[in-house]
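A short write-up of the structure that comes next.
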Amino acid sequence: MEYNFKGHWDNTYKNTPKEELGWFEDNPVPTTELIDKCHLSKDSLIFNAGAGCSILIQLLSEKGYRNILVNDISSTAIQNLKKQLSTTKNINFIVDDLTNPKELKNLKMIDLWHDRAVLHFFTDKNQQYNYFDLLKRKVKSRGYVIFSEFAVGGANKCCGLEVVNYNEEMFKEGLGDDFKLLESFNFEYKHPTNGNKRKYIYTLFRRN
Ligand SMILES: C[S@@+](CC[C@H](N)C(=O)[O-])C[C@H]1O[C@@H](n2cnc3c(N)ncnc32)[C@H](O)[C@@H]1O
181 MEYNFKGHWD NTYKNTPKEE LGWFEDNPVP TTELIDKCHL SKDSLIFNAG
231 AGCSILIQLL SEKGYRNILV NDISSTAIQN LKKQLSTTKN INFIVDDLTN
281 PKELKNLKMI DLWHDRAVLH FFTDKNQQYN YFDLLKRKVK SRGYVIFSEF
331 AVGGANKCCG LEVVNYNEEM FKEGLGDDFK LLESFNFEYK HPTNGNKRKY
381 IYTLFRRN
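Residues 181 to 388 (my numbering) are what the sequence shown spells out, left to right.
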């Protein structure tokens, strides 16, 4: 029987205060710096894949972005996020599975695809194929992609699930020749409760 990922994530968000989640950030500086480098217009469609209840959504809204799209497989995560936002104006929400998309297939073309700590959970080749297939169908020409995932030599597991460790080449393989790497750096994340350090790789790609 297939593992119930939706149930797994719903339970996580039901049972853990957001500040104790092993990916919690109160100020996602590396991400906001990369987004600033894209010089997007405020009308740009920003797609947040597997956004959970990240503070980034509030920050994007405060910066005046008017076309924010939030996705997660967990409806509990989305409910929690809605409660913490000061407004949901200009924000749309889609509960769907990035590796088996249904509603996500109807997305408009995206200016920025942002994924922090989501892709690395897709350990199965089919899941990875479906994820990148969706991304390549939906990111505009000249659109951007930001990935921040566990780096090679980083954690083997997160939230009780196996993860893949990424390097630049692996992202390039998934994206194909139509995307150019603009920037890449390593980042050490500190776990909010036990202080353990986790190695991430951040990348910014742009489509031809
Ligand atoms: C480690 S959390 C990261 C959350 C958020 N991106 C952040 O940085 O705070 C992984 C997120 O991916 C979501 N997720 C996992 N599998 C997914 C899938 N197949 N489709 C959509 N979201 C998924 C989880 O519910 C969870 O919110």
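Ideal placement from N, C-alpha and C gives every residue a C-beta, glycine not left out.
Opening and closing residue of the alpha helix (DSSP H) in which residue i lies
i: Ile258; result: 255–264
i: Trp189; result: 185–195
i: Leu214; result: 209–217
i: Ser221; result: That residue, Ser221, is in no alpha helix (DSSP H); it is neither H nor E in DSSP.
i: Leu240; result: 236–242
Buried versus exposed call for residue i [16 or more other C-beta atoms within 10 Å across all chains shown]
i: Gly230; result: buried
i: Lys318; result: buried
i: Arg296; result: buried
i: Asn336; result: exposed
i: Val209; result: exposed
i: Gly334; result: buried
i: His294; result: buried
i: Gly232; result: buried
i: Pro281; result: buried
i: Lys267; result: First, the amino acid is wrong: residue 267 is Thr here, not Lys. Answer is exposed; the Cβ neighbour count stays below 16.
i: Gly356; result: exposed
i: Glu199; result: exposed
i: Ser221; result: exposed
i: Glu342; result: exposed
i: Ser234; result: buried
i: Asn167; result: The structure shown does not extend to residue 167, since the chain spans only 181 to 388, so no value can be given for it.
i: Gly354; result: buried
i: Glu182; result: exposed
i: Glu242; result: exposed
i: Ser328; result: buried
Same chain, Cβ closer than 7 Å to residue i, five either side skipped, listed in chain order
i: Thr279; result: Phe302, Gln307, Asn310, Tyr311
i: Asn247; result: Asp223, Ser224, Leu225, Ile226, Asn270
i: Cys218; result: Leu292, Tyr324
i: Asp252; result: Gly230, Ala231, Gly232, Ile258, Val275
i: Thr212; result: Leu239
i: Phe204; result: Lys198, Pro372
Delimiting residues of the beta strand (DSSP E) encompassing residue i
i: Asp252; result: 248–252
i: Leu384; result: 377–387
i: Ile271; result: 271–275
i: Ile226; result: 226–229
Residues near residue i by beta carbon distance below 8 Å, same chain, minus five either side
i: Asn347; result: Ala331, Val332, Ile381
i: Leu384; result: Leu214, Lys217, Cys218, Tyr324, Val325, Ile326, Leu361, Leu362, Glu363, Ser364
i: Asp358; result: Lys316, Arg387, Asn388
i: Ser321; result: Arg387, Asn388
Nonlocal neighbours in the same chain, by C-beta distance under 6 Å from residue i, ignoring five residues either side
i: Ser255; result: Val275
i: Lys186; result: Ile253
i: Phe273; result: Val250, Ile258
i: Val298; result: Ala229, Gly230
*Using the beta carbon as the reference atom, which residues fall closer than 5 Å to any heavy atom of ligand 1, ordered along the chain?*
Trp189, Trp203, Gly230, Gly232, Ser234, Asp252, Ile253, Ser254, Ala257, Asp277, Leu278, Thr279, Arg296, Ala297, Val298
*asked:* Extract the residue ranges of the alpha helix (DSSP H) inside the stretch 348–375, only unbroken runs of 4 or more that lie entirely within it.
replied: 348–355
*Which ranges does the beta strand (DSSP E) cover as unbroken runs of at least 3 residues, wholly within the stretch 293–359, from first to last along the chain?*
319–330
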